[in-house]
Amino acid sequence: MNPGDQLPEWRLPLTPTTIVSTAIATRDWQDVHHDRDIAQAAGSEDIFMNILTTNGLVERYVADWAGHDVQLKGIAIRLGAPAYPYDTLSFRGSVESVEDGVAVIAVVGSVSLGEHVTGTVKVAV
């Protein structure tokens, strides 16, 4: 792992089932992640992915690249554009730095509306 290394792109098609089931799996009962009518009444285009799912997908993206036995040291994300069903969430990343046995991986996940998530994941090297 060296600064400047690029992670391969990962593309995840988003279905209503993916969005609803991952919200339920993270015990997020907020209705805007499950019920299209309620989400639209609240001003959203559709149901949308919750932050817990996004966080888990960022972690998975880095772990798939670094190896599933990788030791995570930290994760920090910021949400942007909503991730709606029938879109694709595309991840890209790069190694920002490696110091004192810790690599910082910059990650961006984008949908058709723009950047859905930006952040960093720290892993032991």
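In the numbering used here, the protein residues as written are 1184 to 1308.
For each residue, glycine too, the CB sits at the ideal point set by N, CA and C.
- Comparing C-alpha distances from Pro-1199 to each of Pro-1186, Asp-1229, Pro-1191, Leu-1262 shows the shortest one belongs to Asp-1229.
- Residue state for Ile-1202 is assigned as helix, using DSSP reduced to three classes.
- Phe-1231 sits away from Ala-1225, with the two beta carbons spaced by 8 angstroms or more.
- Burial state of Gly-1257 is exposed, judged by a 10 Å Cβ sphere holding fewer than 16 other Cβ atoms.
- Per DSSP, Glu-1282 lies in no alpha helix (DSSP H); the unbroken beta strand (DSSP E) holding it starts and ends at 1271–1282.
- When DSSP states are grouped into helix, strand and coil, Leu-1296 belongs to the coil group.
- One alpha carbon belongs to Ala-1259, the other to Gln-1213, and they sit about 22 angstroms apart.
- Rounded to the nearest whole angstrom, the C-alpha separation of Leu-1272 and Val-1300 is 10 angstroms.
- Buried is the label assigned to Ser-1293, since at least 16 other Cβ atoms lie within 10 Å of its Cβ.
- Within a 10 Å sphere around the beta-carbon of His-1251 sit fewer than 16 other beta-carbons, which makes this residue exposed.
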